[in-house]
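**Q** Residue 639, in our numbering, is where the sequence shown stops; the numbers in between run on with no holes. Heads up, the beta-carbon is just placed ideally off N, CA and C, and yes, glycines get one too. My structure is below; once you've seen it, I'll send some questions.
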Amino acid sequence: MAEKDSNTGKFFEEFKPVSTEEWEEAIRKDLKGADYEKKLVWQSPEGFKVMPYYREEHLEGIPFIHSLPGIFPFVRGNKKTDNTWKIRQDIAIDKDNFENSLQKAKTIIQKGVNSIGFRVAEEFSIEYSDFEKLMTQIWQNGIEINIEAGLQTPQIAEFLSKYAQNNKLPFEKLEGCLSFDPLIHVLLNGNYPVGEDEISLFDKARQIIETTKDFPKVKSLTISGYLFGNSGSSIVQELAFSLSAAVEYFHRLTDLGLSVSDISNKMRFIFSIGSNYFFEIAKLRAARMLWARVVNEFRPSDMDSCKMNIHCVTSAYNKTLYDPYVNMLRTTTEAMAATLGGTDSLEVLPFDFPSGKTTEFSERIARNQQLILKEEAGFDKIADPSAGAYYIENLTDNIAREAWKLFLEIENQGGYYQALRVGKIQEMISGNALKREAAIASRKETLVGTNQYPDLNEYIDKELDPSIYTKPQIPTAAYTIQPLIPYRGSMPMEELRYKTDFYSKNHKRPAVFLLLIGNVAMRQARAQFSSNFFGCAGFQIIAGNPVASVDEGIRAAHESKAEIVVICSSDEEYIQYAPAIYQELKDETLVVVAGNPPSAEELKSMGLTHFIHLRSQLLDTLRQYQKDLHIVS
């Protein structure tokens with residue numbers, strides 16, 4: 007074979023190329039008459055179809071396919087030769103923990119972090135002496151310092167300029183972001199900060215940009231796209247609304263005398279990154295391309311102004327309170343997507359953040375996830391390694407097209423602020439969030455450890471603040487703009503399970519006995535299904551041994567003292583076993599049939615009304631069982 011290849015210069019020439027038509031014919035034959043579209047074509051939540059496979063011919067017509075890294079429209083990234091990114095961790099600081107926060111920052115820098123985010127408490131009024139101490143202890147060449155300080159940001163920008171001049175620091179070596187989003191407060195709270203309005207806030211943004219104009223590596227205007235993602239938006243919505251916000255800020259700030267390049271060069275987009283791996287890679291590629299297109303329409307003074315600076319944060323929406331170690335797996339997938347997508351910096355949230363309190367261990371794991379990708383896996387070596395992948399290139403194109411359509415829809419109806427004011431953006435995000443919530447409640451969308459494969463031995467035995475597990479509600483007080491509601495999609499399931507845990511502190515934990523009888527394969531399959539189903543509510547699962555007769559099963563059920571007995575058998579055998587079991591147990595326990603057998607109506611006529619199966623709505627069904635067992639009223 008080697009000799010043949012060296013003579014002809016062709017590899018595998020004995021393998022005849024297979025055309026798309028031949029593949030399609032083979033697929034249709036295997037489908038045996040089933041509908042191709044229904045079986046194999048996925049209608050994605052982003053509004054476009056995903057084919058079962060892609061080939062080189064599917065790249066035809068994609069306008070950016072021959073783009074190069076570091077070249078307009080930057081779909082392949084801002085950098086020409088590598089894929090480096092900043093590893094970021096955030097630290098909350100207030101007056102009481104200021105010194106400890108600085109010490110923590112110094113420690114994590116030594117452990118591989120090269121981007122520190124300081125989130126300043128609203129009540130902590132920072133003085134120049136505090137800022138000077140922070141810079142003196144933390145800043146060093148190559149370390150990015152990011153400060154989120156709300157209305158104090160203009161003052162901090164002045165501090166930065168003063169500190170750099172007093173210490174004769176080269177302005178081009180200072181890196182970071184004085185994160186200021188003029189509309190973030192009203193987005194989250196419904197009203198502007200006391201004493202402020204949109205005019206004063208955009209004037210503050212202008213002041214910050216002008217004060218930091220001589221610091222080329224310091225960003226100062228943020229587009230908080232992650233708020234959309236963490237409120238349940240789709241990928242397309244997060245991207246379109248972020249672009250729309252940025253254009254709104256362009257208009258507001260150019261009206262105040264700034265140039266497009268002044269503004270764009272100070273912008274940082276912050277995106278959430280979820281677990282939809284290939285889609286998230288494509289999202290960042292599409293985002294850069296669309297932003298370059300937008301800025302170019304404003305005729306900037308240089309093409310570097312068309313580059314999008316991206317900071318990513320792993321999604322909060324899909325993280326779970328129960329089985330928190332699964333969050334490590336989710337954030338690893340998300341970190342990979344963000345880095346392969348070409349983010350400029352990345353924060354991986356610690357796996358236990360849903361509990362309201364992170365630990366040194368979880369923060370170390372979050373750092374090391376990025377360090378492994380960079381130092382061991384070499385994700386920083388190659389610019390845009392996914393370029394040319396048929397699937398990712400098509401996703402990039404489709405996401406860009408759908409996001410652009412939605413962006414234009416918002417622009418044609420008056421722009422970002424007008425869409426917020428009338429509630430259009432909030433309505434669209436809420437609609438998508440409700441769809442996702444329903445998918446989680448019915449297990450069409452899986453959250454491992456929460457609505458599928460729960461850890462049956464995990465209980466929360468301490469009292470939790472309800473805000474940790476309860477979905478927040480839109481405030482009833484009057485608001486200027488209907489606020490967004492960031493929350494975790496698992497919260498309704500967690501609230502359900504926590505109610506069982508809380509009840510069990512002072513009562514016997516409700517138990518579910520699995521009565522296995524009949525067909526071996528089906529009883530095992532139904533038992534596994536039932537264990538997963540009721541385990542999601544925090545009920546104790548008692549897996550009984552298979553029984554040879556109804557009488558033996560009834561005795562075992564009595565001995566278990568379980569509040570619920572689930573009969574696990576085959577569809578054909580339920581009519582044989584279930585009536586007798588029900589008659590013996592109905593006065594002391596809830597009897598449930600695992601499945602939806604053809605005999606269901608006949609069984610219901612005998613009094614058996616409880617069935618669980620693949621089409622059961624998990625959340626509502628378990629809530630009803632909690633009511634039946636008097637766990638909740």
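Helix, strand or coil: which one does DSSP assign to residue 370?
**A** Three-state DSSP puts residue 370 in a helix.
**Q** For residue 284, which option in 343, 326, 250 and 305 has the closest C-alpha, if you only look at C-alpha atoms?
**A** It is 343 whose Cα lies nearest to the Cα of residue 284.
**Q** Quick test of your reading: residue 321 and residue 235, contact by CB under 8 Å. State the CB separation rounded to the nearest angstrom.
**A** With a Cβ gap of about 6 Å, residue 321 and residue 235 count as contacting.
**Q** At what residue ranges does the segment 241 to 318 contain a whole run of the alpha helix (DSSP H), taking only runs of 4 or more?
**A** Taking only runs of at least 4 residues, the alpha helix (DSSP H) segments lying wholly in the segment 241 to 318 are 241 to 260, 266 to 270 and 283 to 303.
**Q** Along the alpha helix (DSSP H) that carries residue 546, what are the first and last residues, could you check?
**A** Run containing residue 546: none in the alpha helix (DSSP H); it sits in the beta strand (DSSP E), 546 to 549.
**Q** Indicate whether residue 402 and residue 484 have their beta-carbon atoms separated by less than 7 Å.
**A** No, they are not a contact pair.
**Q** Quickly, what does DSSP pair residue 99 with across the bridge? List them, please.
**A** 126, per the DSSP bridge assignment.
**Q** My output table needs one value for residue 352: the three-state DSSP class, helix, strand or coil.
**A** Here residue 352 sits in strand by DSSP.
**Q** Tell me which residue opens and which closes the beta strand (DSSP E) that residue 159 is part of.
**A** Where residue 159 is concerned, there is no enclosing beta strand (DSSP E), although the alpha helix (DSSP H) it sits in stretches over 159 to 172.
**Q** For residue 573 and residue 340, what's the separation of their Cα atoms in angstroms?
**A** One C-alpha to the other measures close to 40 Å.
**Q** What's the gap between the Cα of residue 44 and the Cα of residue 104?
**A** Their backbone Cα atoms lie some 58 Å apart in a straight line.
**Q** If distances are taken between C-alpha atoms only, which option among 297, 281, 260 and 257 comes closest to residue 274?
**A** Looking at the Cα atoms, 297 is the closest of the given residues.
**Q** To the nearest angstrom, how far is it from the Cα of residue 582 to the Cα of residue 549?
**A** Between residue 582 and residue 549, the C-alpha separation is close to 22 Å.
**Q** Any beta carbon from chain D within less than 7 Å of residue 312's own beta carbon?
**A** The structure shown contains no chain D, having only a single protein chain.
**Q** What number of angstroms, rounded off, separates the C-alpha of residue 29 from the C-alpha of residue 408?
**A** If I take the Cα positions, the gap works out to 29 Å.
**Q** Hey, residue 238 and residue 328: beta-carbon distance below 7 Å or not?
**A** Taking 7 Å as the Cβ cut-off, residue 238 and residue 328 do not qualify as a contacting pair.
**Q** Excluding sequence positions up to five away, which residues of its chain have a Cβ less than 8 Å from the Cβ of residue 212?
**A** So the list reads 259, 262, 263 and 264, once near-sequence residues are dropped.
**Q** In the DSSP assignment, find the alpha helix (DSSP H) that holds residue 517 and state where it starts and stops.
**A** Looking at the DSSP string, residue 517 is not in any alpha helix (DSSP H); the run it does join, the beta strand (DSSP E), is 517 to 522.
**Q** Should residue 24 be labelled buried (16 or more other beta-carbon atoms within 10 Å of its own) or exposed?
**A** Flag for residue 24 reads exposed.
**Q** Measuring alpha carbon to alpha carbon, tell me which residue in 173, 610, 166 and 160 is nearest residue 188.
**A** Checking every option, the nearest Cα to that of residue 188 belongs to 160.
**Q** Kindly indicate the opening and closing residues of the beta strand (DSSP E) around residue 617.
**A** First-last of the beta strand (DSSP E) with residue 617: 616 to 618.
**Q** My output table needs one value for residue 94: the three-state DSSP class, helix, strand or coil.
**A** Of the three classes helix, strand and coil, the one that applies to residue 94 here is strand, per DSSP.
**Q** Give me the residue from 354, 214, 256 and 271 with the minimum Cα distance to residue 277.
**A** Residue 354 is the option with its Cα nearest to residue 277.
**Q** Does the separation of the CB atoms of residue 600 and residue 532 fall below 7 Å?
**A** In this structure, residue 532 lies closer than 7 Å to residue 600 by Cβ.
**Q** Would you kindly check if the distance between the Cβ of residue 155 and the Cβ of residue 144 is under 7 Å?
**A** No, Cβ-Cβ distance for residue 144 and residue 155 is not below 7 Å.
**Q** Residue 435 to residue 50, Cα distance in whole Å?
**A** Roughly 16 Å between the two C-alpha positions.
**Q** What's the C-alpha gap between residue 246 and residue 610?
**A** Spanning the two alpha carbons is a distance of roughly 50 Å.
**Q** Please give the ranges of any beta strand (DSSP E) in the segment 177 to 205, keeping only runs that are unbroken, at least 3 residues long and fully inside the region.
**A** Listed in chain order, they are 181 to 185.
**Q** Measuring alpha carbon to alpha carbon, tell me which of 505, 569 and 560 ends up nearest residue 585.
**A** Cα-wise, what sits closest to residue 585 is 560.
**Q** Can you give me the start and stop residues for the alpha helix (DSSP H) that residue 115 sits inside?
**A** Per DSSP, residue 115 belongs to the alpha helix (DSSP H) from 104 to 116.
**Q** Leaving out five residues before and five after residue 80 in sequence, what residues of the same chain have Cβ atoms less than 6 Å from its Cβ?
**A** Closer than 6 Å at the Cβ level, and outside the excluded window around residue 80, lie 294, 298 and 313.
**Q** Helix, strand or coil for residue 121 per DSSP?
**A** Three-state result, residue 121: strand.
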